[in-house]
Amino acid sequence: MVNLPWQPEYPILTARLALRPHRGSDLDDLLRYHSDPEVVRYIPWPVRTREQTEAAIESRTRQGAVTEEGQWLVLAIQLRDDVGQVDGGRVIGEVLLKFDSEADARGELGYAIARDAEGHGYATEAARAVLDLAFAGFGLHRVIARLDARNRASAALLERLGMRREALFVEDEHFKGEWTDTLVYAMLAREHRPEHIPEAG
13 MVNLPWQPEY
23 PILTARLALR
33 PHRGSDLDDL
43 LRYHSDPEVV
53 RYIPWPVRTR
63 EQTEAAIESR
73 TRQGAVTEEG
83 QWLVLAIQLR
93 DDVGQVDGGR
103 VIGEVLLKFD
113 SEADARGELG
123 YAIARDAEGH
133 GYATEAARAV
143 LDLAFAGFGL
153 HRVIARLDAR
163 NRASAALLER
173 LGMRREALFV
183 EDEHFKGEWT
193 DTLVYAMLAR
203 EHRPEHIPEA
213 G
């Protein structure tokens, strides 16, 4: 049985990161990657202007809790500073978990990271914390991730998390002007090996 609501005690802390709901003050940090064509190349967002990013933040500030099927938990990935202060660093990305199906106790994982923060394991660290929460806190049976098959960096991240490649759908989406293939990765609760167990409120 899925545990609702999904409303963890924030921030969710990892060794280097603080995961928490977005704030209006995150605008400049989000604009850095929402407006970057390379970051959004495989993500179903457009390259956003400042005004479009303001609208995106406004919706994200209400996505720190999930109460029903179909909703997304959307959390800012914030760097902790050198002495571990929670509010010491900039927001470098976001991590998402969709309550995809109540009957099947299934969630869907997503993430985005600023280009200058890539290559340091931050997205993996954030995604691992959300998987810990999904299984140990929210009671999900299965978590999937869908990605553009050309996105090799994202596939490698999912494999580092221990997720299995389950499917390749050929030219199943007309995405940003072209037909693209979709990969599906998945993990079951019994396959999950938690790094730590965040608290679920």
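Residue 119 in my numbering sits at position 107 of the sequence shown, with consecutive numbering throughout.
Every residue gets a Cβ at the ideal spot worked out from N, C-alpha and C, and that includes glycine.
Selection Pro56, Glu21, Leu25 evaluated against glutamate 190 yields Pro56 as nearest (Cα-Cα). Sequence-distant Cβ neighbours of glutamate 120 in its own chain, meaning closer than 6 Å and more than five residues away, are Lys110, Asp112, Ile156.
Beyond the five residues adjoining it in sequence on each side, alanine 198 comes within less than 8 Å, by CB distance, of Arg154, Val155, Ile156, Ala157, Met175, Arg176, Glu178 in the same chain, given in chain order. Nearest to glutamate 130 by C-alpha distance, out of Met13, Leu16, Val51, Leu42, is Val51. Per DSSP, the continuous alpha helix (DSSP H) segment holding threonine 136 begins and ends at 134–144. Between glutamate 203 and the set Trp18, Phe187, Ala146, the nearest pair of CA atoms involves Ala146. For the stretch 46–93, the continuous alpha helix (DSSP H) assignments of 4+ residues that do not extend past its boundaries occur at 49–52, 62–72, in sequence order.
The three-state reading of DSSP puts leucine 170 in helix, counting H, G and I together.
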